[in-house]
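Q: Here you go, one structure.
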């Protein structure tokens, strides 16, 4: 087997492992949120996309549907539906500026702040772990890895037809 084929096989294996780990991390995070919020069951649970919307709202000032959609990479229509669900769950609220009654913005409620805090702590632990892992590599190796990841990301953004 040539080196390119070996790299491809390792890449596929890594993607599968990453997907499995992401599912386990998401489940763990949702479980931690559920345990910390006595009214969680009344919320009807949370999806990962809802968590990302909460994170987007909590990390920006004066955030609207367009800003959230751009930040997490989904349609404005999808964000409108999700924000509606989050308002029913009392995790976010909408508001308008006194001098601009046309545009609608979102902010977190107290419960939403709690969910945001758990999400941020969770991501912070993941980041610390990855930075510790990467510390075993030289600057030259890291620059090469950065180039490979950037190029792979650009390649994935291309309109592949499944070939």
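Numbering (UniProt numbering), first residue to last: 1 to 163. Note that CB positions come from ideal geometry on N, CA and C, so glycine has one too.
Between which two residues does the alpha helix (DSSP H) carrying residue 55 extend?
A: 48-58 is the extent of the alpha helix (DSSP H) around residue 55.
Q: Could you tell me whether the Cβ atoms of residue 51 and residue 119 are closer together than 8 Å?
A: Their beta carbons are under 8 Å apart, which means residue 51 touches residue 119 by this criterion.
Q: List in chain order: all unbroken beta strand (DSSP E) runs of 3+ residues lying wholly within the UniProt domain "HTH marR-type" (26-154).
A: Here the runs fully enclosed are 92-97 and 100-108.
Q: Using DSSP with H/G/I as helix, E/B as strand and the rest coil, what is residue 23?
A: Residue state, collapsed to three classes: helix.
Q: Between the segment 110-130 and the segment 52-68, can you find at least three pairs of beta-carbon atoms closer than 8 Å?
A: Cβ pair count under 8 Å is three or more, so yes.
Q: Work out the CA separation of residue 68 and residue 153 for me, nearest whole Å.
A: C-alpha separation (whole angstroms): 21 Å.
Q: Taking all protein chains shown into account, do 16 or more other C-beta atoms lie within 10 angstroms of the C-beta of residue 106, making it buried, or fewer, making it exposed?
A: Label assigned to residue 106: buried.
Q: By DSSP, does residue 2 sit in helix, in strand, or in coil?
A: Residue 2 falls in the coil class under three-state DSSP.
Q: On the premise that residue 112 lies in contact with residue 92, defined as a C-beta separation below 8 Å, what is that separation, rounded to the nearest angstrom?
A: Residue 92 to residue 112, Cβ: 5 Å. Contact.
Q: Could you tell me the alpha carbon to alpha carbon distance between residue 11 and residue 122, rounded to whole angstroms?
A: Between residue 11 and residue 122, the C-alpha separation is close to 25 Å.
Q: When the Cα atoms are used, what is the spatial distance from residue 141 to residue 130?
A: Each residue's alpha carbon lies about 15 Å from the other.
Q: Can you tell me whether residue 89 is buried or exposed? The criterion is at least 16 other CB atoms within 10 Å of its CB, across all chains shown.
A: Buried: at least 16 other Cβ atoms inside 10 Å.
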